[in-house]
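First residue of the sequence shown? That's 220 in this note's numbering, and the numbers climb one at a time after it.
Read through the structure below, which is laid out as structure tokens, and then see the notes.
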Amino acid sequence: MSDQSRPRKPGKPYRRPKKDPVRILAFEALRAVDERDAYANLVLPPLLRKARESGDFDARDAALATELVYGTLRRQGTYDAVIAACVDRPLRDVDPPVLDVLSLGVHQLLGTRIPTHAAVSASVELARVVLGDGRAKFVNAVLRKVAQDDLDGWLQRVAPPYDEDPEDHLAVVHSHPRWIVSALWDSLGGGRAGIEDLLEADNERPEVTLVARPGRATTEELLGEEAAMPGRWSPYAVRLTEGGEPGAVEAVREGRAGVQDEGSQLVALALANATLDGRDERWLDGCAGPGGKAALLAALAAERGAVLLASEKQPHRAGLVARALDGNPGLYQVIAADGTRPPWRPGSFDRVLMDVPCTGLGALRRRPEARWRRRPDDLEGFAPLQRGLLRTALDSVRAGGIVGYATCSPHLAETRAVVDDVLKEYPAAELVDARPFLPGVPALGEGPDVQLWPHLHGTDAMYLALIRRTG
């Protein structure tokens, strides 16, 4: 029976639900993330572009939709705990689409300045449109319970006391799975303040950072853009503040500049600037996709008359690398090849970068949904590949050459454990202190390897170990 044909109560004529394009789009994005394991940073831009082209959206609408999607995903763990306290069934028994509408509503109530009445009514209207009247009543009832307290009040109710269970307290308060809280705390090796600062930084919206590719663009050109500021550490970095749109930057559209986190830039720069013994003519990026580091390395190599070989296992990602390098002023080559079974001869290169596949725990600011998808056993899946790629890198570099082992994860199982294990097999290789090759960057620890942090450096949590082949 349709809503139109249902018996109506006297004095209460049927009212069609009001369609709110912003909240409908946010709901569609969350459903794609949930149903298809999509990433919000890939799903949201085309949805926003289509909405703008249809005339439904202006810049403020796009900003609100973006905040609703990313804010809901970042705080999902906290909001789940609040919702669980307001429903009469296990959370797993709530239909996922209903839970998405509830989460969007809770974020508006507890994570934004949207007035309480507006947050509840808009969420109920969204539920009527996408779920129907029956489940909209359930959404209304739950959100009215949530609206009875603010975020701090709810955290006092749903998070266990820190003194009784520090990791679970932090997991609920800062919306991270408990195992990730534990792993990050181990990597930091510090007290409560450090881990809380890091978890908070993971929940902040990161700035968009551009890289001016040497020989093709300059930071001065990029700083001419609206709301642009110099990078903190990389001489090629420019930050777009106030939600700047990189697609509106001419140099980015032309490929002369790119979007690249400053931590990623620093890894490439450190490898390029590390001291070599002997020639400096052939460079390798052994895990080059999608091409950000390869493009920077190729430009730096061109300035010295060196040649970069960019290798990527997946053909479609190799295509992205080729696109990123198109127009590079020097010589380069892009190939699709398995880095654990390389087609080049041992000892062929002077500098080798291996930015290995990993859990991505260092980029949770940019991909907040990743924290809910990853599991501890994912580490076991990556471990053989990471060790195999580092072995390839050490085999591929000549005596006197430098290898950079990098990963966008601070988890010790993906960083120092990999390096330590592989170096036991290579007596003719030694760690090089990487800190001098990140000049001006503070809080780099005791070395010789380097771990960057969102809360200390404003970058993704990139790890870098520099290794010299001695024989």
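Just so you know, even glycine gets a beta-carbon here, dropped at the ideal spot from N, CA and C.
| Query | Result |
| --- | --- |
| On the criterion of 16 or more Cβ atoms from any shown chain inside 10 Å, does HIS336 qualify as buried, or is it exposed? | exposed |
| Whose C-beta lies closer than 6 Å to the C-beta of GLN223 among residues of the same chain, with five residues either side of it excluded? | Residue placement at GLN223 is poorly supported in this model, since its pLDDT is 43, which falls under 50; the coordinates are not used for a value here. |
| What runs of the beta strand (DSSP E), each 3 residues or longer, lie entirely inside the stretch 442 to 524? | 447 to 449, 456 to 459, 476 to 478, 501 to 504 |
| Leaving out five residues on either side along the sequence, give the residues of the same chain with a beta carbon under 7 Å from the beta carbon of ALA270. | PRO240, LEU244, PHE276 |
| I need the straight-line Cα distance from THR689 to ARG475, nearest angstrom please. | 37 Å |
| How many angstroms separate the CA atom of ARG225 from the CA atom of LEU675? | Note that ARG225 scores a pLDDT of 44, beneath 50, so its modelled location is shaky; the value from the coordinates is reported in the next line. When rounded, the distance between both Cα atoms is 59 Å. |
| May I ask you to verify whether the stretch 300 to 312 touches the stretch 369 to 382, counting CB pairs closer than 8 Å and requiring at least 3? | yes |
| Mapping the DSSP letters down to three states, classify THR428 as helix, strand or coil. | strand |
| On the DSSP letters alone, give me the boundaries of the beta strand (DSSP E) that TYR624 sits inside. | 616 to 626 |
| Determine the direct distance from the alpha carbon of VAL288 to that of GLY258, and round the result to whole angstroms. | Reading off the sequence shown, one finds Tyr at residue 258, where the question assumed Gly. Rounded to the nearest angstrom, the two C-alpha atoms are 11 Å apart. |
| Could you give the C-beta distance for VAL457 and THR438, rounded to a whole number, given that I count them as a contact under 8 Å? | 5 Å |
| Hey, is the stretch 653 to 666 in contact with the stretch 439 to 448, meaning 3+ C-beta pairs nearer than 8 Å? | no |
| Who does PHE568 pair with in a DSSP beta bridge? | VAL616 |
| Between ALA543, LEU515, ARG311, which lies nearest to SER483 when the distance is taken from Cα to Cα? | LEU515 |
| Would you call the stretch 551 to 571 and the stretch 497 to 516 touching, i.e. three or more CB-CB distances under 8 Å? | yes |
| Go to SER530, then tell me how far its beta strand (DSSP E) extends in each direction, as first and last residue. | 526 to 531 |
| On a CA-only basis, which of ALA525, PRO385, TYR455, VAL427 is nearest GLU440? Give me that one, please. | TYR455 |
| Determine the DSSP secondary structure at LEU675, reduced to helix, strand or coil. | helix |
| Starting from the C-beta of ASP679, find all residues in its chain whose C-beta is less than 6 Å away, skip the five residues before and the five after it, and write them out in chain order. | ASP480, GLY482, GLY581, ALA582, CYS627 |
| Do GLY510 and VAL486 count as a contact pair if the criterion is CB distance below 8 Å? | no |
| Would you say ALA431 faces chain D, with C-beta separation under 8 Å as the test? | Note that chain D does not occur in the displayed structure, where there is just one protein chain. |
| Report all residues from its chain with a CB closer than 7 Å to the CB of MET220; omit the five preceding and five following residues, and keep chain order. | Here the model assigns MET220 a pLDDT of 41, short of 50, so the residue's position is not dependable, and the following value carries that caveat. No residues qualify anywhere along the chain. |
| What residue does the beta strand (DSSP E) around GLN552 start on, and which one ends it? | 551 to 555 |
| Pick helix, strand or coil for VAL669, following the three-state DSSP scheme. | strand |
| Give a yes or no on whether the C-beta atoms belonging to HIS649 and ARG606 are separated by under 8 Å. | Sequence inspection shows Glu at residue 649; the His mentioned does not correspond to that position. Taking 8 Å as the Cβ cut-off, GLU649 and ARG606 do not qualify as a contacting pair. |
| What are the partner residues of TYR258, as DSSP defines its beta bridges? | DSSP lists no partner for TYR258. |
| Could you tell me the boundaries of the alpha helix (DSSP H) in which VAL392 lies? | 385 to 393 |
| Select from PRO465, GLU415, ARG610, LEU657 the residue whose C-alpha is nearest the C-alpha of ARG451. | LEU657 |
| When the Cα atoms are used, what is the spatial distance from PRO661 to ARG523? | 28 Å |
| Quick check on ASP239: does DSSP put it in helix, strand or coil? | coil |
| So what does DSSP say about ARG279, is it helix, strand or coil? | helix |
| Taking C-alpha atoms, which residue in ALA412, GLY324, ASP416, ALA355 lies nearest to ALA366? | GLY324 |
| Please go through the same chain and pick out, in chain order, the residues whose beta-carbon is closer than 7 Å to the beta-carbon of PRO595, but skip the five residues on each side of it. | TRP398 |
| Taking C-beta to C-beta, are THR559 and LEU608 nearer than 8 Å? | yes |
| If you check the beta carbons only, do HIS388 and PRO396 fall under 8 Å apart? | no |
| Excluding the 5 residues flanking ARG435 on each side, which residues of the same chain have their C-beta closer than 6 Å to its C-beta? | ARG475 |
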